[in-house]
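Take the sequence shown: its position 157, counted from the start at 1, is 212 in my numbering, and no numbers get skipped.
Have a look at the structure below, then the notes.
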Amino acid sequence: MASSKASDGQAEDSDLVRTFFELRENLLLFLAARTRCMATAEDLVQDLYLKAAAVEPGTDVKAPAALLYRMASNLLVDHVRSAQRSSRRNAQWRLDKRVIMGGEDVNDEPAADEVVVSKERVRLLAAAVGELPPQMGRAFRLHKLEGMSQAQTAQAMGVSVKMIEQHIAAAVRQLAQRLRS
């Protein structure tokens with residue numbers, strides 16, 4: 056039982072881990088000053104601890120503080136390289152997915168404010184269609200929204216094509232008037 060306790064506490068007893076805990080705040084500030092992000096610095100300090108704890112117990116470390124700062128610098132370099140690779144990968148993806156016409160980037164997505172306005176117009180149109188008289192609304196929905204021809208709509212509703220034309224024309228007038236106001 057005593058040997059398992061010794062093996063559990065060996066990493067904590069190493070000079071490197073003890074020095075890590077003594078210098079933790081300074082190491083954190085060292086990394087935060089270079090990353091300009093406290094959360095990233097915290098992640099790097101945690102990685103540093105894992106690396107320090109992984110050093111074989113009994114390894115002779117002449118200058119543990121210097122080694123910890125060197126390890127922190129190396130972790131920082133790895134972090135920067137990883138961020139650069141990610142940035143390049145994202146930039147390449149954007150280049151691959153963009154459309155160029157006449158030497159200009161073309162963004163085929165509508166602006167956010169246009170999307171909001173469009174959604175509001177669709178909502179208003181749906182409400183206006185719902186307020187049409189029943190036969191007129193059904194004719195409009197079958198022909199304009201479901202894509203049936205006027206003849207198919209007339210057959211589905213059991214009325215003449217002329218009646219469908221009148222219903223649709225009246226519905227378009229009503230909807231245009233409603234959406235203008």
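Don't be surprised by glycine CBs; every beta carbon is placed ideally from N, CA and C.
Note that this is a predicted model, so its numbers are computed, not measured.
What does residue i pair with, by DSSP beta-bridge criteria?
i	result
Glu97	DSSP output for Glu97 lists no bridge partner at all.
Does residue i pass the burial test, meaning 16 or more other C-beta atoms within 10 Å, or should it be called exposed?
i	result
Ser69	buried
Phe76	exposed
Pro119	buried
Leu197	buried
Met126	buried
Leu123	buried
Leu180	exposed
Leu103	buried
Thr114	exposed
Ala138	exposed
Ala226	buried
Can you check whether the C-beta of residue i is within less than 7 Å of a C-beta belonging to chain D?
i	result
Ala96	The chain inventory of the structure shown lacks chain D, comprising one protein chain alone.
On a CA-only basis, which of the options is nearest residue i? Give me that one, please.
i	options	result
Arg195	Ile223, Ala211, Asp133, Arg176	Reading off the sequence, residue 195 comes out as Phe, not Arg. Cα-wise, what sits closest to Phe195 is Ile223.
Ala44	Val184, Leu86, Glu159	As shown, the chain starts at 56 and ends at 236. That puts residue 44 outside it, with no answer to give.
Leu130	Asn145, Lys106, Asp151, Thr208	Lys106
Ser173	Val100, Leu234, Asn145, Val135	Leu234
Ala213	Leu200, Gly202, Gln190	It is Gly, not Ala, that sits at residue 213 in the sequence shown. Ranking Leu200, Gly202, Gln190 by Cα distance to Gly213 puts Gln190 first.
Within the same chain, show all residues whose beta-carbon is closer than 8 Å to that of residue i, passing over the 5 residues directly before and after it, in chain order.
i	result
Pro188	none
Quick one: what's got a C-beta closer than 6 Å to residue i's C-beta in the same chain, skipping five residues either side?
i	result
Ala96	Leu83, Leu86, Ala87, Thr90
For residue i, I'd like the list of residues in its chain whose CB is within less than 7 Å of its CB, leaving aside the five on either flank, ordered along the chain.
i	result
Thr208	Ala194, Leu197, His198, Ile219
**Asked** In chain order, which alpha helix (DSSP H) runs of at least 4 residues are fully inside the stretch 137-217?
**Response** 167-185, 189-195, 205-212
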